[in-house]
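The next block holds one structure in the form of structure tokens; read it before the comments.
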Amino acid sequence: MSILWQPRASLSVLKKRARIIQTIRCFFQDLDVLEVDVPVWAEHSVSDPWLDALSVECGEQTLWLQTSPEYYMKRLLAAGSGCIYSLAKAFRADEKGRLHEPEFTMLEWYRCGLDDRQLIDELIRLINILAPDLEFQKSSYADLFQSLFQIDVHSATAEELELLAKSHLDIDWQDDKSGWLDLIFSHLVEPRLLKGLHVVYDYPECQAALARTAVNSKGQTVARRFECFINGVELANGYWELSDVKEQRRRFEQDNLKRHSLAKPQQEADPYLLAALDHGLPDCAGVALGIDRLVMALLELDSIAEQRTF
Numbered sequence: 014m015s016i017l018w019q020p021r022a023s024l025s026v027l028k029k030r031a032r033i034i035q036t037i038r039c040f041f042q043d044l045d046v047l048e049v050d051v052p053v054w055a056e057h058s059v060s061d062p063w064l065d066a067l068s069v070e071c072g073e074q075t076l077w078l079q080t081s082p083e084y085y086m087k088r089l090l091a092a093g094s095g096c097i098y099s100l101a102k103a104f105r106a107d108e109k110g111r112l113h114e115p116e117f118t119m120l121e122w123y124r125c126g127l128d129d130r131q132l133i134d135e136l137i138r139l140i141n142i143l144a145p146d147l148e149f150q151k152s153s154y155a156d157l158f159q160s161l162f163q164i165d166v167h168s169a170t171a172e173e174l175e176l177l178a179k180s181h182l183d184i185d186w187q188d189d190k191s192g193w194l195d196l197i198f199s200h201l202v203e204p205r206l207l208k209g210l211h212v213v214y215d216y217p218e219c220q221a222a223l224a225r226t227a228v229n230s231k232g233q234t235v236a237r238r239f240e241c242f243i244n245g246v247e248l249a250n251g252y253w254e255l256s257d258v259k260e261q262r263r264r265f266e267q268d269n270l271k272r273h274s275l276a277k278p279q280q281e282a283d284p285y286l287l288a289a290l291d292h293g294l295p296d297c298a299g300v301a302l303g304i305d306r307l308v309m310a311l312l313e314l315d316s317i318a319e320q321r322t323f
């Protein structure tokens, strides 16, 4: 019991983590991107079926610890803030493990006038400053599925993806196309992204989340979304941001239908975010990056717990 009060991370790791964060702040200062401090709780939470928020009671009101600063930051963007970033705590009801903690540090930034491709390049520049020798590559979501499974992921049906999943994994349940894609990607694709920095872009339309969609050179509708992995560990998730309030409202409704099918409580669409989108979100791209996982990868630690103070 006498040693339980001591910090979890070593002083050496904490100093290296502090230098990484200082370098990140200098990166954005050089780009003239404003750091913002937004609340960590709100009256509303995300409707994403795969994210579960933590609630807190404040008097007679139930508030939600934010899974990311996204909604507040988009309200700032609509109010004319220009390019902004946040480096702060976020909260998710995840199981604790090597890569997960309910409380974690998130870097999120939005760049007005950039699309997802340009933001990918900026993300790579930032990580290369932190790890100059780290190799990187980019792959479209479709190219990965074609090379690994010889399947056209954009035209594939839920039934075809179910057969693919069950041919590799011992599972027995039903799901929609998006659900099968999540399962296949996390269990069969991510483990093969083992070396260096790997950015995956142009997700299937059903995986758009808060990204806008566009037609690619093959005439396929894709989500202008990307994810970044270091040594097979998901690090960042970014979008060319959706600004159409009607489409955003429709996606919130679809999210709640999915939540209902998963026996999860529904989440009311955040009216403040919708009002901000209705007012007008500037053309921008945004990305959220997990600082704890970044530090873990850069310092070659076994788990994110090794870089946490307590």
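Start counting the sequence shown at 14; every next residue gets the next number (my numbering). No residue lacks a Cβ here, since even glycine has one placed at the ideal position from N, Cα and C. Values in this document were obtained by computation on a predicted structure and should not be read as measured data.
Beta-bridge partners assigned by DSSP to Asn244: none are found. Trp253 is a Cβ neighbour of Ala224, given a cutoff of 8 Å.
In this structure, Asp215 is the residue among Cys241, Leu207, Asp215 with its C-alpha nearest to the C-alpha of Gln233.
The alpha-carbon separation between Asp268 and Asp43 amounts to approximately 38 Å. Boundaries around Phe149 are those of the beta strand (DSSP E), 149-153, since no alpha helix (DSSP H) includes it. Nearest C-alpha to Ala101 among Ser152, Cys39, Glu247, Gln79: Gln79.
Thr118 is classed as buried because its beta carbon has at least 16 other beta carbons within 10 Å across all chains shown.
In this structure Ala91 is buried. Its beta-carbon is surrounded by 16 or more other beta-carbon atoms within 10 angstroms. With respect to the 8 Å criterion, Ala298 and Arg138 are not classified as neighbours on the basis of their beta carbons.
Sixteen is the threshold: when 16 or more other Cβ atoms of the shown chains lie within 10 Å of the Cβ of Pro82, as they do, the residue is buried. In this structure, the CA atom of Tyr285 is about 23 Å from the CA atom of His273. With fewer than 16 other Cβ atoms from the protein chains shown falling within 10 Å of its own Cβ, Lys179 counts as exposed. Under a 10 Å Cβ-count criterion, Gly251 is classified as buried, with 16 or more other Cβ atoms of the shown protein chains found around its own Cβ.
Counting the other Cβ atoms within 10 Å of the Cβ of Val228 gives fewer than 16, which makes it exposed.
Within 10 angstroms of the beta-carbon of Lys87 lie 16 or more other beta-carbons, which makes it buried. Nearest to Leu64 by C-alpha distance, out of Glu240, Leu27, Lys28, Arg105, is Arg105.
Nearest Cα to Ser60 within the set Leu307, Glu281, Asp315, Ile304: Glu281. Just measuring C-alpha positions, the residue of Asp107, Leu136, Gln74 sitting nearest Tyr98 is Leu136. By DSSP's assignment, Gly251 forms a beta bridge with Phe239, Val300.
Of the candidates Thr36, His167, Val49, Trp193, Thr36 places its Cα closest to the Cα of Ala144. By DSSP's assignment, Ser230 forms no beta bridge with any residue. C-alpha of Ala22 to C-alpha of Glu319: approximately 5 Å in a straight line.
Counting only residues of its own chain and dropping the five nearest sequence neighbours on each side, Leu312 has a CB closer than 7 Å to the CB of Val26, Lys29, Gln320.
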